[in-house]
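Sequential numbering from 5 applies to the sequence shown in my numbering. All C-beta atoms in this analysis are idealised placements derived from N, C-alpha and C, irrespective of residue type, glycine included. All figures in this text were calculated on a predicted structure; none of them were measured in a lab. Everything below concerns the one structure shown next.
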Amino acid sequence: MQINATIQPSKMQWGMTIVAFLFVVLLSLLSTLPLLAKVVLLLGLAGYAFYTYYAGLHQTRLVQLIHMDRQVWRWVTVLPKAPLAENKAEGHLHSLHRVGWVMVLGFRIESSSKCQIRYWVIWRDQVCADDWRRLMVLARFWTPLEMNPSKR
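This is how it looks when you write it as structure tokens:
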């Protein structure tokens, strides 16, 4: 199975982020914290908003997911503004969670020195309808890796 998707910035994700941000700001303003603690909290939230905006997380990405064998997947991520900056990786599909409008793919990347888990969050409005259907098929028929009985 191969999925070639162009992941656009998500309006749903930004909407949920803004609602959560405003909720935390409202709770912090209505709390009984001292004024200095409120200022520090609001500055931290503003710093986080600044970081997420300028970190490039809102850029369009070209993503290619390739099912290699059993549970091994390879993916390539390319940012269109910097085509030489490719991010190639290979790993086991570790977890997959979905709700009607969002899907979270977890990949376990093993190297000789460490094991790392990388999560991808894909919102419904980030991909075209055909790619979303392919991801739904993947979610419907995916089963987790069987644990090695000696490692339990």
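Can you name the residues that DSSP bridges to M16? The sequence position of residue 16 within the sequence shown is 12, counting from 1. Answer by DSSP bridge pairing: none, since M16 is not bridged.
Measuring straight from C-alpha to C-alpha, what distance separates V76 and S35? For the purposes of this step, residue 76 is taken as residue 72 along the sequence shown, with counting starting at 1. For the purposes of this step, residue 35 is taken as residue 31 along the sequence shown, with counting starting at 1. If you take the alpha carbons of V76 and S35, they lie about 48 angstroms apart.
Do the CB positions of R112 and I126 come within less than 9 angstroms of each other? Looking up residue 112 in the sequence shown gives position 108. Looking up residue 126 in the sequence shown gives position 122. Going by C-beta atoms, R112 is not nearer than 9 angstroms to I126.
Just to confirm the assignment, what range does the alpha helix (DSSP H) spanning G51 have? Within the sequence shown, residue 51 is the residue found at index 47, counting from 1. Its alpha helix (DSSP H) spans residues L39 to Y58.
Just confirm the distance between the C-beta atoms of H98 and V108, as a whole number of angstroms; I'd bet it's less than 8 angstroms. Along the sequence shown, read from residue 1 onward, the residue named residue 98 stands at position 94. Along the sequence shown, read from residue 1 onward, the residue named residue 108 stands at position 104. Actually they do not touch by this definition, with Cβ atoms about 11 angstroms apart.
Taking Cβ to Cβ, would you say I11 is nearer than 9 angstroms to V67? Reading the sequence shown from its first residue, position 7 is the one you call residue 11. Reading the sequence shown from its first residue, position 63 is the one you call residue 67. Yes. Within cutoff.
Proximity of M16 and D129 at Cβ, strictly below 9 angstroms: Numbered from its first residue, the sequence shown carries residue 16 at position 12. Numbered from its first residue, the sequence shown carries residue 129 at position 125. The answer is yes: Cβ separation under 9 angstroms.
Taking the alpha-carbon positions, what's the V28 to Y55 distance? In the sequence shown, residue 28 corresponds to position 24, counting from 1. In the sequence shown, residue 55 corresponds to position 51, counting from 1. Near 17 angstroms, if we compare the C-alpha coordinates of Y55 and V28.
For S32, collect the residues of the same chain with a Cβ closer than 7 angstroms to its Cβ; drop the 5 residues on either side in sequence, then sort them by chain order. If you number the sequence shown from 1, residue 32 lands on position 28. So the qualifying residues of the chain are K42, L45 and L46.
Starting from V131 and walking both ways along the alpha helix (DSSP H), at which residues does that stretch end? Sequence index remark: in the sequence shown, residue 131 carries index 127 (1-based). Looking at the DSSP string, V131 is not in any alpha helix (DSSP H), and its letter there is neither H nor E.
How should S154 be labelled, buried or exposed, when 16 other C-beta atoms within 10 angstroms of its C-beta is the threshold for buried? On the sequence shown, residue 154 is found 150 positions in, with the first residue counted as 1. Model confidence at S154 stands at a pLDDT of 46, short of 50, so the residue's coordinates are unreliable and nothing is read from them.
Would you please state the rounded distance, in angstroms, between the beta carbons of P138 and I7? I believe it to be under 8 angstroms. Residue 138 sits at position 134 when you count from the first residue of the sequence shown. Residue 7 sits at position 3 when you count from the first residue of the sequence shown. Rather than Pro, the amino acid found at residue 138 in this sequence is Arg. With 8 angstroms as the limit, R138 and I7 qualify as a contact, their Cβ atoms being about 5 angstroms apart.
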